[in-house]
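The block underneath contains the structure these notes are about, expressed in structure tokens.
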Amino acid sequence: MSAEPATTVRASATFVHALPEQLRERLTHPRWGTELLVDELIEAISLVGTDAAGRPLDEPRWRYEVTAVGVAVNKRGRVTRRPELAVFAPADLPDQYRDLLHGADALYARISSAISDSLDSSRLVD
């Protein structure tokens, strides 16, 4: 018999920040290298229960990350039409972008509130 793959237990919260025209600029990903003309930032926190290989963690951990969505800019400066995305550590973002973010604490509070509301509403059932 084969063992069933480990499942990742997750809770998550996100905010999507559409960028106004004046904030859209080329952003280089520190590990990705390619420039991205950013249209929106997706700020997310999630509770991760397994590692990258799918093995259960001793203790679940919170992961906070920001994903930039836009179109890639090639070496000649041409913009590709295919949407691209890249995950950033918040510290890698320019200040003008970081100022838009709510932060991990706000997202964690949003999850906690949603879980509490869910538990409260389940208690109201006759």
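Residue numbers (the numbering used here): 55 to 180. Glycine included, every Cβ here is placed at the ideal spot set by N, Cα and C. Just so we're clear, the structure is a prediction, and the values are computed from it rather than from any experiment.
| Unbroken beta strand (DSSP E) run spanning R135, endpoints | As a first step, residue 135 is located in the sequence shown; it is residue number 81 there, counting from the start. Counting along the chain, the beta strand (DSSP E) containing R135 begins and ends at V133 to F142.
| field | Straight-line gap, V141 to D171 (C-alpha atoms, nearest Å) | value | As a first step, residue 141 is located in the sequence shown; it is residue number 87 there, counting from the start. As a first step, residue 171 is located in the sequence shown; it is residue number 117 there, counting from the start. Their backbone Cα atoms lie some 30 Å apart in a straight line.
| message | Suppose only complete runs of 3+ residues qualify. What are the beta strand (DSSP E) ranges in the region 99-170, listed by chain order? | response | 110-127 and 133-142
| request: Evaluate the contact criterion for the region 141-158 versus the region 111-119: three or more CB pairs, one atom per stretch, below 8 Å. | output: yes
| field | E75 in three-state terms, based on DSSP | value | Walking along the sequence shown from the start, residue 75 turns up at place 21. If DSSP states are grouped into helix, strand and coil, E75 belongs with the helices.
| field | Whole-Å CB distance - L90 paired with A145, under 8 Å assumed | value | Residue 90 sits at position 36 when you count from the first residue of the sequence shown. Residue 145 sits at position 91 when you count from the first residue of the sequence shown. Not really, about 17 Å apart at Cβ, beyond 8 Å.
| field | Spatial distance of G131 from L77 (CA atoms) | value | In the sequence shown, the residue the question calls residue 131 occupies position 77. In the sequence shown, the residue the question calls residue 77 occupies position 23. Each residue's alpha carbon lies about 18 Å from the other.
| Excluding five sequence neighbours on each side, which residues of the same chain lie with their C-beta closer than 8 Å to the C-beta of I169? | Position 115 of the sequence shown, counted from the first residue, corresponds to residue 169. Only A65 meet the Cβ criterion.
| Pairwise C-alpha distance: W86 and M55 | Walking along the sequence shown from the start, residue 55 turns up at place 1. Walking along the sequence shown from the start, residue 86 turns up at place 32. Unreliable positioning characterises M55 in this predicted model, as indicated by a pLDDT of 46, which lies under 50. The coordinate reading is nonetheless provided below. Distance between the alpha carbons of M55 and W86: 41 Å.
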